[in-house]
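Residue numbers (the working numbering), protein chains in the order written: chain A, 1 to 114; chain B, 1 to 117.
Beta carbons: idealized from backbone N, C-alpha and C, even for Gly.
Remember, predicted model here, so these are calculated numbers, not experimental data.
All remarks here apply to the structure that follows.
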């Protein structure tokens, strides 16, 4: 069984400030980890993913995340927040396999203030 | 890149009627598609895994007879909410993975907002 825990359902940062969204995972097999962003009434857009290659993963829109096995973490960061980053962010985990399903965390709503 | 089209974007129906939601992979073949349900301000909950040419695999607690899934082709999966009731009102999202890619790129549809009145 696999699961992810997102600490903080709501994070607020000032524009230009560092963004840090936390995700910890639990998995009985080597995990594949994902971060998705969701804007209101829309589907999910992939930001980045870790699939056992480099532990530091760079994604779209300036986001990156680092897989830390020792800490079972996959935190999402961005050096400088933009107003357009305000959205809901989901961490997800799966195992290898053609029909593997994604298990999502509870989500973190990012608010960016002036 | 892989594109998944979901239709309709929103639908309002009367209680007791059925609603069909379509999920199409536009530029790839999807032997497996996933259906999720999302309540307001909550996460996505997997309802079922749709397999082309075979029966869907439902998650525990999901009523098979209420949420009918058909995956008749490699590019189309449908979710039918039968005898809908107000408690079925939710945001439904489908997802598929392009197996030609080995990077686990799950692609999501834009979602369907179902309101049952």
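Since residue i is in the beta strand (DSSP E), which residue starts that stretch and which ends it?
i                      : result
residue 32 of chain A  : 32–38
residue 22 of chain B  : 19–25
residue 49 of chain A  : 44–50
residue 45 of chain B  : 44–51
residue 70 of chain B  : 67–73
residue 113 of chain B : 112–116
residue 78 of chain A  : 73–78
residue 34 of chain B  : 32–38
residue 23 of chain A  : First-last for residue 23 of chain A: undefined, no H or E at that position.
residue 66 of chain A  : 64–68
residue 3 of chain A   : 2–5
residue 10 of chain A  : 10–14
residue 88 of chain A  : 87–94
residue 60 of chain A  : Per DSSP, residue 60 of chain A belongs to no beta strand (DSSP E) and is neither H nor E.
residue 100 of chain A : Where residue 100 of chain A is concerned, there is no enclosing beta strand (DSSP E), given that its DSSP letter is neither H nor E.
residue 96 of chain B  : 90–97
residue 111 of chain A : 108–113
residue 171 of chain B : Nothing in the structure corresponds to residue 171 of chain B, since chain B is present only between 1 and 117.
Using 7 Å as the cut-off, classify the Cβ of residue i as near or not near the heavy atoms of the ligand MG, replying yes or no.
i                     : result
residue 93 of chain B : Ligands displayed in this structure: none; no statement on the ligand MG is therefore possible.
Would you mind telling me which residues of chain A sit closer than 8 Å to residue i, beta carbon to beta carbon, in chain order?
i                      : result
residue 111 of chain B : 41, 42, 43
residue 34 of chain B  : 101, 102
For residue i versus residue j, is the C-beta distance shorter than 8 Å?
i                      : j                      : result
residue 43 of chain A  : residue 105 of chain B : no
residue 9 of chain A   : residue 108 of chain A : yes
residue 101 of chain A : residue 34 of chain B  : yes
residue 15 of chain B  : residue 85 of chain B  : yes
residue 57 of chain B  : residue 89 of chain B  : no
residue 50 of chain B  : residue 69 of chain B  : yes
residue 11 of chain A  : residue 110 of chain A : yes
residue 52 of chain B  : residue 31 of chain B  : yes
residue 15 of chain A  : residue 92 of chain A  : no
residue 94 of chain B  : residue 3 of chain B   : no
residue 48 of chain A  : residue 63 of chain A  : yes
residue 109 of chain B : residue 6 of chain B   : yes
residue 106 of chain A : residue 6 of chain A   : yes
Anything in chain B within Cβ reach of residue i, meaning under 9 Å, just list it in chain order.
i                      : result
residue 62 of chain A  : Residues of chain B passing the Cβ test: none, with the nearest at roughly 19 Å.
residue 106 of chain A : 42, 43
residue 46 of chain A  : 105, 106, 107, 108
For chain E, is any of its Cβ atoms less than 8 Å away from the one on residue i?
i                     : result
residue 64 of chain B : Absence of chain E from the displayed structure is noted, the protein chains being A and B.
query = If you measure beta-carbon to beta-carbon, which residues of the segment 72–104 of chain A are closer than 9 Å to chain B?
reply = Within the segment 72–104 of chain A, the qualifying residues are 88, 90, 92, 94, 96, 98, 99, 100, 101, 102, 103, 104.
ask   = Are the segment 9–28 of chain B and the segment 68–77 of chain A touching by the rule of at least three beta carbon pairs closer than 8 Å?
value = The segment 9–28 of chain B and the segment 68–77 of chain A do not touch, with fewer than 3 CB-CB distances between them shorter than 8 Å.
request  = Could you list the residues in the segment 40–56 of chain B with a C-beta less than 9 Å from some C-beta on chain A, going in chain order?
outcome  = Within the segment 40–56 of chain B, the qualifying residues are 41, 42, 43, 44, 45, 46, 49, 51.
key: Cβ contact check for the segment 36–53 of chain A and the segment 18–32 of chain B: 3 or more pairs under 8 Å   = No, the segment 36–53 of chain A does not touch the segment 18–32 of chain B.
task = Mind checking the segment 84–108 of chain B against chain A and listing, in chain order, the residues whose C-beta falls within less than 9 Å of any C-beta there?
result = Contact residues of the segment 84–108 of chain B toward chain A are 91, 93, 94, 95, 97, 99, 102, 103, 104, 105, 106, 107, 108 (C-beta to C-beta distance below 9 Å).
Cβ-based contacts, 7 Å cut-off: residues of the segment 6–28 of chain A near chain B = Those would be none; no residue qualifies.
request  = Check whether the segment 80–87 of chain B touches the segment 4–19 of chain A, counting contact only when three or more Cβ pairs, one atom from each stretch, lie closer than 8 Å.
outcome  = The segment 80–87 of chain B makes no contact with the segment 4–19 of chain A, as fewer than three CB pairs between them are under 8 Å.
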